[in-house]
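The numbering used here numbers the first residue of the sequence shown as -16 and each following residue consecutively. We put the CB at the ideal spot given by N, CA and C, even for glycine. For reference, the structure is listed below as structure tokens.
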Amino acid sequence: MTILTMAIADALAIAILCTLYLVRHRNREMMISYAVINAGIFTVSVALVSAGSNASAMGMGLFGVLSIIRLRSTALSQREVGYYFVALSVGMIAGINISPAYIAFILMAALVALIAILDARSAPAVKGQTQTVTADRAISDEEELKAYLGARLGYAITSVKVTELDLVNDLTRATITYQPKETTEGGTPAAVEAAVPQVTATRQPAATQPVAPTAEAYATLDTRMMPLQRTPVAK
């Protein structure tokens, strides 16, 4: 089977995989990452096969590529790691020139079908913009966090996913999906309206009563208000 045929099969498989991920998770950055790493693995596999490399060399190369996932600065969920592995495997299967060729087609189709079935419980993501935010409170409940962030940001937040809960520093890092348009007055969700008093209460200073001035303060004030006296200078 020619390289062009396998390249077309690989492109079709990764297109289905990326479309599946985009529809269910609405993360274009990860979709681009899957497509690029698949193309890179396919290119490296074809180059190694053309150079006559043995299976052990290709295995070491794949191990090096898999270690890239550990070098990412942001944490990956188990679903994202699964999509990563399928993208890597499909690219490598298409590039190592398996004979007969229909075995490669079956393996690639099986991997894509497997991730589609295992990730079937993920509902299609709601349309909107996705962003990672850090809240100044440690909130483990996603509904409470959604209401809190909606009140602070002024947007209608459709989904919240907690990625890190820092109880020491009282912080919560989460990935949110929100509508670009601000919530209009009168149409604010009930959960956000309920969270507004809580947000206001947390931001009030601890001491609200005026502090009575001390004797030292009066003495300092009297000293500052004393009129200046001119002292004659001896000639």
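Inter-residue spacing [alpha-carbon to alpha-carbon] between residue i and residue j
i, j, result
"Thr26", "Ser33", "11 Å"
"Ile291", "Arg9", "A query on residue 291 cannot be resolved here, the shown segment of the chain reaching from -16 to 218 and no further."
"Ile(-9)", "Val64", "24 Å"
"Ala84", "Leu(-13)", "13 Å"
"Met14", "Leu0", "9 Å"
"Asn61", "Tyr67", "The amino acid at residue 61 is misidentified as Asn; the sequence shows Gln. Roughly 10 Å separates the two Cα atoms."
"Leu101", "Ala(-2)", "18 Å"
"Gly170", "Tyr17", "Residue placement at Gly170 is poorly supported in this model, since its pLDDT is 43, which falls under 50; the coordinates still yield a value, given next. For Gly170 and Tyr17, the distance between alpha carbons rounds to 39 Å."
"Ile89", "Ala(-6)", "15 Å"
"Ala93", "Thr117", "39 Å"
"Gly35", "Thr113", "45 Å"
"Arg11", "Ile86", "31 Å"
"Leu148", "Met(-11)", "45 Å"
"Leu150", "Ala139", "26 Å"
"Leu5", "Thr115", "17 Å"
Cβ neighbour criterion (16 or more within 10 Å) applied to residue i
i, result
"Leu128", "buried"
"Thr(-15)", "exposed"
"Gly133", "buried"
"Ala30", "exposed"
"Ala96", "exposed"
"Glu168", "Only weak support exists for where Glu168 lies, its pLDDT of 46 falling under 50; the value from the coordinates is given anyway. Label assigned to Glu168: exposed."
"Ala177", "In this predicted model, Ala177 has a pLDDT of only 45, less than 50, meaning its place in the structure is not dependable enough to derive any value."
Other residues of its chain near residue i: CB distance less than 8 Å, five sequence neighbours each side excluded
i, result
"Arg120", "Tyr131, Asp153, Leu154, Thr155, Thr185"
Within 8 Å, strictly: CB atoms of residue i and residue j
i, j, result
"Met91", "Ala(-4)", "yes"
"Ile20", "Ala77", "no"
"Ile79", "Ser28", "yes"
"Thr141", "Tyr161", "yes"
Neighbourhood of residue i by C-beta, 7 Å cutoff - its chain only, sequence neighbours within 5 removed
i, result
"Leu3", "Ala99"
"Ile122", "Leu128, Tyr131, Thr155"
Same chain, Cβ closer than 6 Å to residue i, neighbours up to 5 away in sequence not counted
i, result
"Val143", "Glu125, Leu128, Lys129, Ala157, Ile159"
"Ala22", "none"
"Ile24", "Leu71, Gly74, Met75"
Any non-hydrogen atom of the ligand MG within 7 Å of residue i CB
i, result
"Thr(-12)", "As for the ligand MG, it is missing from this structure, which has no ligand bound."
Residues that DSSP places opposite residue i in a beta bridge
i, result
"Asp124", "None; Asp124 has no bridge partner."
"Glu149", "Per the sequence shown, residue 149 should be read as Asp rather than Glu. In DSSP, Asp149 forms a bridge with Leu154."
"Lys144", "Thr158"
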